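Engineer: Have a look at this one before I ask anything.
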Amino acid sequence: MTPRGGELILTRSDALQRLNTVFRDLFEDDGIEVHDKMTAEDVDGWDSVTHITLVLTTEREFGVKFSAAEVGALKNVGEMIDLILARSKK
Amino acid sequence: MSFTSLTFVLFAIVAIAALRFSPHGPPKKFVTLLLNAVFLTSFLSSPIEVIPLLAFVSAGFLAIRTVRTIKIPFALAIFIALFIGAFAWLKQYPLFGWFGLATLPIMVIGLSYILFRILHLLIDVAQGTSECPPIIDYFCYVLFFLNLVSGPIQRYEDFASEMNSPPVQSTSDDIYLSIHRIVLGYFMIVVMSTIATEFMDLGRPMLSAALVRGGTLDVVRIYSLLISVYLLNIFANFAGYMHVIIGIGGLAGIRVPENFNHPLAAKNLGDLWARWHMTLSSWLKTYLFNPLLKTMVGRWSSPAAAPYLGAIAFFVTFLVVGFWHGTTFQFFVYGVVMGIGITSHWLWQHGLSRRMGKKRYRELCARPWYYELSRAATLSFFAVAMTCIWISSLDLSRLFEFRNSVAVVVSFAFLTVAGAAFGGVWDSIRDRLVARVSWLGQGRGPLRLLRAFEPWILCAVAGALLEGAVLEISGATAASSITHSAVTIGTFTALFTAALVAGGVFDPPMKVLLQGSPESPNKNDALAVWLGLRIFIVLNFQILLASAVPTFIYRAF
Chain A
0 MTPRGGELIL
10 TRSDALQRLN
20 TVFRDLFEDD
30 GIEVHDKMTA
40 EDVDGWDSVT
50 HITLVLTTER
60 EFGVKFSAAE
70 VGALKNVGEM
80 IDLILARSKK
Chain B
0 MSFTSLTFVL
10 FAIVAIAALR
20 FSPHGPPKKF
30 VTLLLNAVFL
40 TSFLSSPIEV
50 IPLLAFVSAG
60 FLAIRTVRTI
70 KIPFALAIFI
80 ALFIGAFAWL
90 KQYPLFGWFG
100 LATLPIMVIG
110 LSYILFRILH
120 LLIDVAQGTS
130 ECPPIIDYFC
140 YVLFFLNLVS
150 GPIQRYEDFA
160 SEMNSPPVQS
170 TSDDIYLSIH
180 RIVLGYFMIV
190 VMSTIATEFM
200 DLGRPMLSAA
210 LVRGGTLDVV
220 RIYSLLISVY
230 LLNIFANFAG
240 YMHVIIGIGG
250 LAGIRVPENF
260 NHPLAAKNLG
270 DLWARWHMTL
280 SSWLKTYLFN
290 PLLKTMVGRW
300 SSPAAAPYLG
310 AIAFFVTFLV
320 VGFWHGTTFQ
330 FFVYGVVMGI
340 GITSHWLWQH
350 GLSRRMGKKR
360 YRELCARPWY
370 YELSRAATLS
380 FFAVAMTCIW
390 ISSLDLSRLF
400 EFRNSVAVVV
410 SFAFLTVAGA
420 AFGGVWDSIR
430 DRLVARVSWL
440 GQGRGPLRLL
450 RAFEPWILCA
460 VAGALLEGAV
470 LEISGATAAS
480 SITHSAVTIG
490 TFTALFTAAL
500 VAGGVFDPPM
510 KVLLQGSPES
520 PNKNDALAVW
530 LGLRIFIVLN
540 FQILLASAVP
550 TFIYRAF
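Line order of the protein sequences matches chains A and B.
The letter at position 33 of the first sequence is residue 32 when you use numbering that gives the first Met the number 0, and the numbering goes up by one with no holes.
The letter at position 126 of the second sequence is residue 125 when you use numbering that gives the first Met the number 0, and the numbering goes up by one with no holes.
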């Protein structure tokens with residue numbers, strides 16, 4: 000978190016770091032290093048069901064809420080971070 | 000108007016010209032609206048019939064317009080429930096039958112697709128992902144004539160960008176590809192699907208008879224043949240329709256989304272749904288499966304329970320697929336069977352990849368024997384499940400008798416093994432043919448010509464051998480003279496080759512051959528002549544098959 004004008008602004012690297020923890024906890028693998036291009040193909044156990052658990056955990060971690068269309072359109076970790084940043088600015 | 004009628008062909012030509020030459024933005028939307036109206040009107044025998052449909056669509060607009068501002072708690076949920084209720088009522092689901100309307104003439108063509116388009120907009124607008132579209136755009140989108148009858152369910156933002164941006168300049172290759180898809184689509188509908196439909200009509204009474212008093216092997220023989228033919232029939236019909244409308248869209252400068260991605264190559268049931276009717280699968284995933292699972296996982300947050308909640312979500316989704324496809328009890332059974340299949344597949348996949356690790360599981364899936372077996376089992380299961388769609392309710396109940404259920408299981412096993420063997424052989428032949436086509440461009444003069452025709456000759460010989468074998472097995476050749484057999488085999492070979500030409504099987508080598516060097520001035524003329532030949536063949540097939548499929552096609556079987 001970086002203080003700016005009295006508010007806490009979430010930076011991209013902060014988000015990436017916190018998302019990394021979410022991934023490691025959820026997929027029970029401390030070797031995971033998330034990056035923008037990462038997709039379900041790269042992670043053991045990331046399928047259409049754990050995807051939803053992941054979305055839910057991420058929403059709770061960052062205090063945001065994604066719409067159905069946004070969840071449906073997610074392609075990789077980078078897009079997820081874009082969404083988190085866009086949502087937490089509001 | 001029917002997609003195979005001359006009226007539609009004329010309408011499509013006018014539509015292509017009108018859309019291609021109208022500037023993007025308001026003029027294009029106006030033209031689209033007009034075309035939608037003409038297309039919709041062609042299905043009416045009296046103007047009153049369209050009122051329920053128009054009321055439904057208009058109510059959709061009002062709901063989307065007000066869903067974010069209206070002061071009702073759970074407005075979105077209430078609106079969704081109201082629209083599903085109105086849909087079920089208009090479609091006369093048995094549950095709603097006694098509410099009347101059954102005797103009134105109403106026209107609800109494309110209502111299932113319209114419902115999903117409205118719900119997509121309603122949910123997105125309510126959740127703040129998109130804005131309510133302008134009314135003209137809304138009517139252009141929901142009733143778009145190319146997507147009206149059987150989809151696809153395009154997303155609104157994609158449709159809107161087609162309306163609002165100038166069309167991409169088409170190259171001669173694009174135009175060739177669009178016309179190729181239209182010809183291929185018509186070939187699939189008017190030739191393949193027509194023959195398969197006739198075949199189904201002939202086979203259904205035979206199945207009924209066998210179910211009542213035939214032996215198990217009789218049922219297996221007729222049943223496995225019928226379900227395979229039906230799978231090909233529905234594929235040829237639906238994928239053919241998609242080829243036609245994507246081709247028309249391409250010529251008109253409007254992109255229509257793909258709905259099929261080689262479904263007959265599906266690795267498993269999950270993969271099948273990522274390849275078959277893709278826009279429906281993606282809609283269901285976005286607006287049913289994901290939110291349902293999210294709600295359940297959010298409520299019972301134990302991670303260990305997630306896979307089982309996933310299984311429930313899969314089952315519910317496919318139950319809805321069944322209900323969405325039709326109103327009768329058969330479609331409910333279809334949904335249950337598909338639900339059981341997809342849930343079993345999910346538990347199997349989840350269990351194996353957990354036990355073996357994703358990497359080793361993926362390696363297993365990539366092994367040829369596993370792929371062929373899994374693909375054949377997937378397609379056979381799909382074919383068995385679709386029995387519910389074409390069988391009469393009486394025969395469906397007969398299938399549940401013990402003896403006949405055994406026959407269904409044996410048919411499934413037989414088709415899986417036979418399909419895997421056939422798939423293995425076919426894949427290796429195809430790989431070799433593809434390898435040949437790629438070195439085709441390197442030859443010169445007569446040698447090049449010979450090479451270009453090599454696949455033709457191979458296919459013609461294969462067709463003749465196949466036909467000879469069939470005639471021999473069926474005993475048709477025994478009583479006739481050698482000349483007669485030769486003429487029959489020759490006719491079949493010619494028909495078989497003509498069908499392959501019309502179906503576009505030889506397009507890749509012909510393109511290489513006809514295009515010559517890139518700067519050759521006549522390449523487009525030669526390609527146009529080639530396409531013309533294919534259209535001519537499809538037309539002739541249509542005329543040949545229009546009244547009834549000649550019985551000689553079946554006599555051999």
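Ideal Cβ placement from N, Cα and C applies to all residues, glycine included.
Keep in mind it's a predicted model, so treat the numbers as computed, not measured.
Please list the partners that P306 of chain B has in chain E, where partner means a Cβ-to-Cβ separation under 7 Å.
Structural biologist: Among the protein chains of the structure shown, namely A and B, there is no chain E.
Engineer: Grouping DSSP H, G and I as helix and E and B as strand, with all else coil, what is I181 of chain B?
Structural biologist: In the second sequence, the residue the question calls residue 181 of chain B occupies position 182. Helix, per DSSP.
Engineer: Leaving aside the five residues before and after Y553 of chain B along the sequence, list all residues of the same chain whose C-beta is less than 6 Å from its C-beta, in chain order.
Structural biologist: The residue you call residue 553 of chain B lines up with position 554 of the second sequence. Only weak support is given to the placement of Y553 of chain B: the predicted model assigns it a pLDDT of 46, under 50, and the question is left unresolved by the model.
Engineer: Which residues of chain B have a Cβ atom closer than 7 Å to the Cβ of I51 of chain A, listed in chain order?
Structural biologist: Numbered from its first residue, the first sequence carries residue 51 of chain A at position 52. Chain B residues near I51 of chain A: N289, L292, K293, V296.
Engineer: What span of residues does the alpha helix (DSSP H) with M241 of chain B cover, start to end?
Structural biologist: Walking along the second sequence from the start, residue 241 of chain B turns up at place 242. Run containing M241 of chain B: 215 to 251, per the alpha helix (DSSP H) assignment.
Engineer: For S87 of chain A, go through chain B and note every residue whose CB falls closer than 7 Å to its CB, in chain order.
Structural biologist: As a working note, residue 87 of chain A is residue 88 in the first sequence. Result: empty, since nearest Cβ-Cβ is about 15 Å, beyond 7 Å.
Engineer: Are G342 of chain B and F322 of chain B touching if we call contact CB-CB under 7 Å?
Structural biologist: On the second sequence, residue 342 of chain B is found 343 positions in, with the first residue counted as 1. On the second sequence, residue 322 of chain B is found 323 positions in, with the first residue counted as 1. Note on identity: in this sequence residue 342 of chain B is Thr, with Gly being the wrong assignment. For the 7 Å CB-CB criterion, T342 of chain B and F322 of chain B do not form a contact.
Engineer: Quick one: is L183 of chain B buried, meaning 16 or more other Cβ sit within 10 Å of its Cβ, or exposed?
Structural biologist: Taking the second sequence and counting its residues from 1, the one referred to as residue 183 of chain B is at position 184. With 16 or more Cβ atoms within 10 Å of its Cβ, L183 of chain B is classed as buried.
Engineer: In angstroms, rounded to a whole number, what distance separates the CA positions of A11 of chain B and D35 of chain A?
Structural biologist: Within the second sequence, the letter at position 12 stands for residue 11 of chain B. Within the first sequence, the letter at position 36 stands for residue 35 of chain A. For A11 of chain B and D35 of chain A, the distance between alpha carbons rounds to 44 Å.
Engineer: With DSSP run on the structure shown, which of helix, strand or coil describes I428 of chain B?
Structural biologist: The residue labelled residue 428 of chain B in the question sits at position 429 within the second sequence. I428 of chain B: helix per DSSP, three-state reduction.
Engineer: Could you check what DSSP says for I8 of chain A in three-state terms: helix, strand or coil?
Structural biologist: Here the question's residue 8 of chain A lines up with position 9 in the first sequence. Here I8 of chain A sits in strand by DSSP.
Engineer: Assuming P51 of chain B contacts L75 of chain B (C-beta within less than 8 Å), just tell me the rounded distance between them.
Structural biologist: For the purposes of this step, residue 51 of chain B is taken as the residue at position 52 of the second sequence. For the purposes of this step, residue 75 of chain B is taken as the residue at position 76 of the second sequence. Wrong, their Cβ atoms sit about 24 Å apart, outside the cutoff.
Engineer: Can you round the beta-carbon distance between G59 of chain B and I108 of chain B to whole angstroms, since I take them to be within the 8 Å contact cut?
Structural biologist: As a position in the second sequence, residue 59 of chain B is number 60, starting the count at 1. As a position in the second sequence, residue 108 of chain B is number 109, starting the count at 1. Not quite, the Cβ-Cβ distance comes to about 16 Å (not below 8 Å), so this is no contact.
Engineer: Examine the Cβ distances between the region 213 to 226 of chain B and the region 396 to 408 of chain B and report whether three or more of them are shorter than 8 Å.
Structural biologist: Contact between the region 213 to 226 of chain B and the region 396 to 408 of chain B is present, because at least three Cβ pairs lie under 8 Å.
Engineer: For H261 of chain B, is the classification buried or exposed, using 16 other Cβ atoms within 10 angstroms of its Cβ as the cut-off for buried?
Structural biologist: Indexing the second sequence from 1 puts residue 261 of chain B at position 262. Classification of H261 of chain B: exposed, given that the 10 Å Cβ count is below 16.
Engineer: What residue range is occupied by the uninterrupted alpha helix (DSSP H) comprising G321 of chain B?
Structural biologist: For the purposes of this step, residue 321 of chain B is identified with residue 322 of the second sequence, where counting begins at 1. Counting along the chain, the alpha helix (DSSP H) containing G321 of chain B begins and ends at 305 to 324.
Engineer: Which residues of the region 136 to 151 of chain B have a Cβ closer than 9 Å to any Cβ of chain A? Give them in chain order.
Structural biologist: none
Engineer: For the region 323 to 356 of chain B, which residues have a CB atom closer than 9 Å to at least one CB atom of chain A, in sequence order?
Structural biologist: Listed by position, the residues of the region 323 to 356 of chain B near chain A (Cβ gap below 9 Å) are W345, Q348, H349, S352, R353, G356.
Engineer: Does G71 of chain A come within less than 7 Å of chain B when only Cβ atoms are used?
Structural biologist: Here residue 71 of chain A corresponds to residue number 72 of the first sequence, with the count starting at 1. With its beta carbon less than 7 Å from one in chain B, G71 of chain A belongs to the interface.
Engineer: Could you check whether the Cβ of D123 of chain B sits closer than 7 Å to any Cβ belonging to chain A?
Structural biologist: What you label residue 123 of chain B is simply residue 124 of the second sequence in a count that begins at 1. For D123 of chain B, the answer is yes, since a Cβ of chain A falls inside 7 Å of its Cβ.
Engineer: Using a Cβ cut-off of 8 Å, pull out every chain B residue sitting near V76 of chain A, in sequence order please.
Structural biologist: The residue given as residue 76 of chain A occupies position 77 in the first sequence. Those within 8 Å of V76 of chain A in chain B number zero; the least Cβ separation is about 17 Å.
Engineer: For H261 of chain B, which three-state DSSP category applies?
Structural biologist: Residue mapping note: residue 261 of chain B aligns to position 262 of the second sequence, counting from 1. Correct three-state label for H261 of chain B: coil.
Engineer: From R397 of chain B to I388 of chain B, what does the alpha carbon distance come to, in whole angstroms?
Structural biologist: In the second sequence, the residue the question calls residue 397 of chain B occupies position 398. In the second sequence, the residue the question calls residue 388 of chain B occupies position 389. Each residue's alpha carbon lies about 15 Å from the other.
Engineer: Which residues in the same chain have their Cβ closer than 6 Å to the Cβ of H242 of chain B, if we skip the five residues on either side of it in sequence?
Structural biologist: Taking the first residue of the second sequence as 1, we reach residue 242 of chain B at position 243. Only R180, L183, G184 meet the Cβ criterion.
Engineer: Chain A partners of K266 of chain B, CB-CB under 9 Å?
Structural biologist: Along the second sequence, read from residue 1 onward, the residue named residue 266 of chain B stands at position 267. Simply none; closest approach about 14 Å.
Engineer: Have a look at I134 of chain B and Y112 of chain B and give me their C-alpha separation to the nearest angstrom.
Structural biologist: Taking the first residue of the second sequence as 1, we reach residue 134 of chain B at position 135. Taking the first residue of the second sequence as 1, we reach residue 112 of chain B at position 113. Taking the straight line joining both Cα atoms gives about 19 Å.
Engineer: From F568 of chain B to L39 of chain B, what does the alpha carbon distance come to, in whole angstroms?
Structural biologist: Within the shown structure, residues of chain B are numbered from 0 to 556, placing residue 568 of chain B beyond reach of any answer.
Engineer: For I77 of chain B, which residues from the same chain have a beta carbon less than 7 Å from its beta carbon, with the 5 sequence-adjacent residues on both sides left out?
Structural biologist: For the purposes of this step, residue 77 of chain B is identified with residue 78 of the second sequence, where counting begins at 1. Within the same chain, I77 of chain B has close Cβ partners I71.
Engineer: Would you say W559 of chain B and F115 of chain B are within 7 Å of each other, going by their C-beta atoms?
Structural biologist: Outside the displayed span of chain B (0 to 556) sits residue 559 of chain B, for which this structure offers no information.
Engineer: Does the pairing of the region 366 to 373 of chain B with the region 327 to 343 of chain B give three or more beta-carbon distances under 8 Å?
Structural biologist: no
Engineer: G489 of chain B by DSSP, collapsed to three states: which one?
Structural biologist: Walking along the second sequence from the start, residue 489 of chain B turns up at place 490. Helix at G489 of chain B.
Engineer: So is P151 of chain B buried or exposed if we call it buried at 16+ other beta carbons inside 10 Å?
Structural biologist: Counting from 1 along the second sequence, the entry for residue 151 of chain B is found at position 152. Burial call: buried.
Engineer: Taking only runs that begin and end inside the region 370 to 418 of chain B, name each unbroken alpha helix (DSSP H) of 4 or more residues, in chain order.
Structural biologist: As far as the region 370 to 418 of chain B is concerned, its whole alpha helix (DSSP H) runs of at least 4 residues are 386 to 389, 392 to 398.
Engineer: Report back the beta-carbon spacing between G356 of chain B and L268 of chain B to the nearest angstrom; my notes put them in contact at under 8 Å.
Structural biologist: Here residue 356 of chain B refers to the residue found at position 357 of the second sequence. Here residue 268 of chain B refers to the residue found at position 269 of the second sequence. Not quite, the Cβ-Cβ distance comes to about 22 Å (not below 8 Å), so this is no contact.
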